[in-house]
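Peer 1: What follows is a structure written as structure tokens; I'll ask about it next.
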Amino acid sequence: MKYLIRFNKSRGQSNRGSLEHAWLVLDEMGNEVICKRVIINVPSRTFSPTNMTPASNPDDFSIMAEGVAETDRETSTVEINKCE
Amino acid sequence: MENEKIVNPNLLTESLIFPSKVYSIEKPDFLDTVRAVSSKYLEQSRQLQKGEYMTLMSGNYSHEPEIAPFAQYVSQTAWNILQAQGYSMDQLVTFFSEMWTQEHKSFSSIDYHVHGLGSMISVFYFLDVPHNGCQLVLHDPRPTKWMIDIATRDPSQITDASERVFVPSKAGTLVFTNSWMPHSFTKNFNSEPTRFVHMNLSVTMSPVKPTTVEII
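Those protein sequences? They're chains E and H, same order as listed. Quick note on our numbering: the first sequence kicks off at 1 and runs consecutively. Quick note on our numbering: the second sequence kicks off at 1001 and runs consecutively.
If you want it as structure tokens, here you go:
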């Protein structure tokens, strides 16, 4: 699964987590997880939408990583690891 | 007998499979803006050079706002090409993994190579093409063919037997091909440099609007 990891620009707002929920992780199916920490243990790269087609929100710069995401609710962490 | 089609029973049915396509278009309208950004980035690389050089590569500049219309055109065209070739593109977007300028002085050339690491479409935009400058060469991508190839009757003609094809270009020519197409550049036999923008585009899933949001 490919994931886009972005800064949560709406943190602190209704249903967008606390001010500490600074990160969001979006998967290919459209599922979004808002969390405080992200650990990426796979090769990753920047993903700039400014020249992407079809056009999307030009402010949504992301890190793209491919692997398997595991969530730890106790520490509010999403960790992306290699597919086994 | 009227409207009856006469079929030659000795005619072989010919089907074109696994074609290799190259697409080109003249786009001189982008030259001024792309040259301006390209020059800025080449100058940055020049400052880092120690002593003389034959080949100069700039850094990546696909994000520069001045060339956004150019980048958008290239990216959209790459998407259109993949769609037209039969790939399932509805859920995918194209994006630049690389966009940089190459400056080749006298006798500089580029060896045979392909672009991996997720590239799907490779693009060339020619900025400065002196007479007898570097020429883009596309090579037959089928290794099993060139393992058993024999000489062609007329190498100046593009035929099913061709091993390589020289792609004519001038300032403003934009060339697209699949990234699996091996390519190289001939030596620059002019005292003036050849300059072109080289781009590689990858695909990834279209950023979708979140359907579920979980706060952990």
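Built from N, CA and C at the ideal position, the CB exists for glycine as well. Just so you know, these numbers come straight off a predicted model, no measurement behind them.
Kindly indicate if chain H contains any beta-carbon less than 8 Å away from that of E/ALA35.
Peer 2: At residue 35 of chain E the sequence reads Cys, which differs from the Ala that was named. Judged by the 8 Å Cβ criterion, E/CYS35 is in contact with chain H.
Peer 1: Apart from the five residues on each side of it in sequence, which residues of its chain come closer than 7 Å, Cβ to Cβ, to H/PRO1193?
Peer 2: Closer than 7 Å at Cβ, skipping near neighbours: GLU1103, HIS1104, LYS1105, ASP1128.
Peer 1: Out of H/PRO1143, H/ASN1190, H/VAL1037, which has the shortest C-alpha to C-alpha gap to H/TRP1180?
Peer 2: Ranking H/PRO1143, H/ASN1190, H/VAL1037 by Cα distance to H/TRP1180 puts H/PRO1143 first.
Peer 1: Between which two residues does the alpha helix (DSSP H) carrying H/LYS1040 extend?
Peer 2: Element bounds for H/LYS1040: 1031-1048.
Peer 1: What three-state label does DSSP hand E/ILE5 in the structure shown?
Peer 2: Strand.
Peer 1: Less than 8 Å between the CB atoms is what I'm expecting for H/THR1101 and H/SER1062, so what's the real figure, rounded?
Peer 2: In fact, because the Cβ distance is near 12 Å, the residues do not count as touching under 8 Å.
Peer 1: If you run the structure through DSSP and keep just helix, strand and coil, what is E/ALA55?
Peer 2: Residue confidence is low: E/ALA55 scores 43 on pLDDT, short of 50, so the model does not pin down where it sits. No coordinate-derived value is stated.
Peer 1: When you check each C-beta in the segment 1034-1059 of chain H against every C-beta of chain E, which residues fall closer than 8 Å?
Peer 2: Those would be none; no residue qualifies.
Peer 1: Determine the burial state of H/THR1094: buried for a count of at least 16 other Cβ atoms within 10 Å of its Cβ, exposed for fewer.
Peer 2: H/THR1094 is buried by the Cβ-count criterion.
Peer 1: Is DSSP giving E/ALA65 helix, strand or coil here?
Peer 2: Strand at E/ALA65.
Peer 1: Report yes or no: is there a C-beta of chain E within less than 8 Å of the C-beta of H/MET1120?
Peer 2: Judged by the 8 Å Cβ criterion, H/MET1120 is not in contact with chain E.
Peer 1: Please identify, using Cβ separations under 9 Å, the residues of the segment 2-20 of chain E that lie next to chain H, in order along the chain.
Peer 2: For the segment 2-20 of chain E, which is checked against every Cβ of chain H, the residues closer than 9 Å are LYS2, LEU4, ASN15, ARG16, GLY17, SER18.
Peer 1: Identify the continuous beta strand (DSSP E) that holds H/GLN1102 and give its terminal residues.
Peer 2: Per DSSP, H/GLN1102 belongs to the beta strand (DSSP E) from 1092-1104.
Peer 1: If you follow the beta strand (DSSP E) that H/SER1075 is in, where does it begin and where does it stop?
Peer 2: H/SER1075 -> not in any beta strand (DSSP E); alpha helix (DSSP H) instead, spanning 1068-1084.
Peer 1: Flag E/LYS9 as yes when its Cβ comes closer than 7 Å to any non-hydrogen atom of the ligand ATP, and as no otherwise.
Peer 2: Absence of the ligand ATP is noted for the structure shown, with no ligands found whatsoever.
Peer 1: Please list, in chain order, all residues of the same chain as H/LEU1174 whose beta carbon is under 6 Å from its beta carbon, the five residues on each side excluded.
Peer 2: ILE1025, LYS1027, TYR1125, listed in sequence order.
Peer 1: Note down, in chain order, every chain E residue with its Cβ under 9 Å from the Cβ of H/GLU1163.
Peer 2: Simply none; closest approach about 34 Å.
Peer 1: Measure the Cβ-Cβ separation of E/ARG16 and E/THR77 and say whether it is below 8 Å.
Peer 2: Cβ atoms of E/ARG16 and E/THR77: not closer than 8 Å.
Peer 1: Residues bridged to H/ARG1164 by DSSP?
Peer 2: H/HIS1139, per the DSSP bridge assignment.
Peer 1: Could you give the distance in angstroms between the alpha-carbon of H/VAL1197 and the alpha-carbon of H/THR1152?
Peer 2: Using only the alpha carbons, I get a separation of about 32 Å.
Peer 1: Going along the chain, which residues of its own chain have a beta-carbon closer than 6 Å to the beta-carbon of E/LEU85, five neighbours each way excluded?
Peer 2: Look at the range of chain E in this structure, 1 to 84, and you will see that residue 85 of chain E is not part of it.
Peer 1: Helix, strand or coil: which one does DSSP assign to E/ASP72?
Peer 2: Strand.
Peer 1: Quick check on DSSP: helix, strand or coil for E/TRP23?
Peer 2: Strand at E/TRP23.
Peer 1: Assign H/MET1057 to one of three DSSP states: helix, strand, or coil.
Peer 2: H/MET1057 falls in the strand class under three-state DSSP.
Peer 1: Rounding to the nearest angstrom, what Cα-Cα distance links H/SER1075 and H/PHE1096 in this structure?
Peer 2: Each residue's Cα considered, the two are about 7 Å apart.
Peer 1: Please determine, among E/ASN41, E/ILE63, E/THR46, the residue with the shortest C-alpha to C-alpha distance to E/GLU84.
Peer 2: When each option's Cα is compared against that of E/GLU84, the closest is E/ASN41.
Peer 1: Near H/ASN1132, what residues of its chain come up, given a Cβ to Cβ distance below 8 Å and the 5 sequence neighbours on each side ignored?
Peer 2: The answer, listed in chain order, is ASN1188, PHE1189, ASN1190.
Peer 1: If you draw a straight line from the C-alpha of H/GLN1083 to the C-alpha of E/GLU70, how long is it?
Peer 2: Using only the alpha carbons, I get a separation of about 34 Å.
Peer 1: If we call anything under 8 Å between Cβ atoms a contact, is E/LEU24 one with E/ARG6?
Peer 2: Yes. Within cutoff.
Peer 1: Taking only three categories from DSSP, how would you classify H/ILE1025?
Peer 2: Here H/ILE1025 sits in strand by DSSP.
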